[in-house]
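Asker: Before we start, here is the structure in question, set down as structure tokens.
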Amino acid sequence: MSHPIVTVPQRAFGRTMRRDAWWLQPLLVFLGLTTFIVYSTWAAFQGEHYAWGPYLSPFYSPELFGDSPHSWFGPKPSWWPQWLLFSPALLILWAPGGFRVTCYYYRGAYYKSFWGDPPACTVGEPRQEYLGEHSLPLILQNIHRYFLYLALMFILILSHDVWKAMWFADPATERVTFRIGVGTVILAVNVFLLGGYTFGCHSLRHLVGGFGDQLSRAPLCQKTYSCVSCLNRRHMLWAWMSLFWVGFSDLYVRMCAMGVWRDLRII
Ligand code: FES
7 MSHPIVTVPQ
17 RAFGRTMRRD
27 AWWLQPLLVF
37 LGLTTFIVYS
47 TWAAFQGEHY
57 AWGPYLSPFY
67 SPELFGDSPH
77 SWFGPKPSWW
87 PQWLLFSPAL
97 LILWAPGGFR
107 VTCYYYRGAY
117 YKSFWGDPPA
127 CTVGEPRQEY
137 LGEHSLPLIL
147 QNIHRYFLYL
157 ALMFILILSH
167 DVWKAMWFAD
177 PATERVTFRI
187 GVGTVILAVN
197 VFLLGGYTFG
207 CHSLRHLVGG
217 FGDQLSRAPL
227 CQKTYSCVSC
237 LNRRHMLWAW
247 MSLFWVGFSD
257 LYVRMCAMGV
267 WRDLRII
């Protein structure tokens, strides 16, 4: 039986027969990601107002070197070049940033919204050939699984920050007391949302599910795989909620540190 060969005409860039508002989602993604990139870059370069009391902005955690009491290894090292701008956030933000940039969901989202390749399904592309992620530079996206290991460590560190955010020192007596403020809850929600995003990672499914393309028969592996898959089904939602909340957490700590907002005590 012979099959006729049908050639599909290549549409010009942006041309489509779709009648729906296909451009709306890429536009919203473009605006959302641009807003976050501009704010987080500004906040990271600030280098101040990132800690208040026991609260530490997640953009600055872990604070390897810095002037706040949260610093692991003390103030800015003496060997740091004078000409090079210093901010504790710049030492660590590459890790969660790299995790987001190489995420399978975000890749699809920013390929569409930032360089329209493709702008949306069945909409004309700017290029005739498809190179995929098999050659430079996009082959570097495969580094995602290594960023995952770092992201898991950040979840641990940020969880510890929430624990520390429950203990307030009285500036006069230096007595430490247990207290939960609005900021404590904000930082806890941040860990919850980042956890939902990180533990739903596509690469984590591969890690826990088995070997090669075979699902493991071990009950623990299967249970973990189904938990990760469950989170993965809403990965886009977790991605956006955690992105918004991590930015808001920084803003909250910053506003408290600047004296603009007052942290209310809950317990
Ligand atoms: Fe999105 Fe790994 S696929 S975080």
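Quick note, the sequence shown lines up with residues 7 to 273 if you use our numbering. We put the CB at the ideal spot given by N, CA and C, even for glycine.
Looking only at C-alpha atoms, which of Arg106, Phe71 and Tyr116 sits nearest to Leu34?
Answerer: Looking at the Cα atoms, Tyr116 is the closest of the given residues.
Asker: Shorter than 6 angstroms, the distance from the beta carbon of Tyr231 to the closest heavy atom of ligand 1, or not?
Answerer: Checking every heavy atom of ligand 1 against the Cβ of Tyr231, none is found closer than 6 angstroms.
Asker: Could you please give the first and the last residue of the uninterrupted beta strand (DSSP E) stretch that includes Ala175?
Answerer: Where Ala175 is concerned, the enclosing beta strand (DSSP E) stretches over Trp173 to Ala175.
Asker: Of all the options Leu210, Phe79 and Trp29, which has the alpha carbon lying nearest to the alpha carbon of Trp297?
Answerer: Since the displayed the chain opens at 7 and closes at 273, residue 297 lies outside it and no answer follows.
Asker: Measure from the alpha carbon of Pro75 to the alpha carbon of each residue in Gln88, Glu54, Phe65 and Pro60, then state which is nearest.
Answerer: Checked all of Gln88, Glu54, Phe65 and Pro60; the closest Cα to Pro75 is Pro60.
Asker: Please state whether the Cβ-Cβ distance between Val197 and Val168 is less than 7 angstroms.
Answerer: For Val197 and Val168, yes; Cβs fall inside 7 angstroms.
Asker: Please determine if the segment 75-84 and the segment 52-67 are in contact, where contact requires at least 3 C-beta pairs separated by less than 8 angstroms.
Answerer: Output reads yes: the segment 52-67 touches the segment 75-84.
Asker: Is Ser248 near ligand 1, judged by its Cβ being under 6 angstroms from some heavy atom?
Answerer: For ligand 1, not one heavy atom lies less than 6 angstroms from the Cβ of Ser248.
Asker: CA-CA distance, Leu270 and Ala57?
Answerer: Using only the alpha carbons, I get a separation of about 16 angstroms.
Asker: In this structure, does DSSP put Ser147 in helix, strand or coil?
Answerer: The sequence given here has Gln at residue 147, not Ser. In the structure shown, Gln147 sits in a helix (DSSP, three-state: H, G or I).
Asker: Could you tell me whether the Cβ atoms of Ile161 and Gly201 are closer together than 7 angstroms?
Answerer: Yes; because the gap between Cβ atoms is below 7 angstroms, this pair is in contact.
Asker: Using a Cβ-Cβ cutoff of less than 6 angstroms, which residues in the same chain neighbour Leu199 once the five nearest sequence positions on both sides are dropped?
Answerer: Taken in chain order, the residues that qualify are Met247, Ser248 and Trp251.
Asker: Start and end of the beta strand (DSSP E) containing Val182?
Answerer: Looking at the DSSP string, the run of the beta strand (DSSP E) that includes Val182 is Val182 to Phe184.
Asker: Is it true that the segment 178-185 meets the segment 126-144, where meeting means three or more beta-carbon pairs spaced less than 8 angstroms apart?
Answerer: The segment 178-185, when compared against the segment 126-144, does not touch it at the 8 angstroms Cβ threshold.
Asker: Would you mind giving the Cβ-Cβ distance between Leu237 and Gly206, rounded to the nearest angstrom? I have them listed as a contact below 8 angstroms.
Answerer: That belief holds up - the Cβ atoms of Leu237 and Gly206 are roughly 3 angstroms apart, short of 8 angstroms.
Asker: Give the secondary structure of Trp246 by DSSP, where H, G and I count as helix, E and B as strand, and everything else as coil.
Answerer: Helix.
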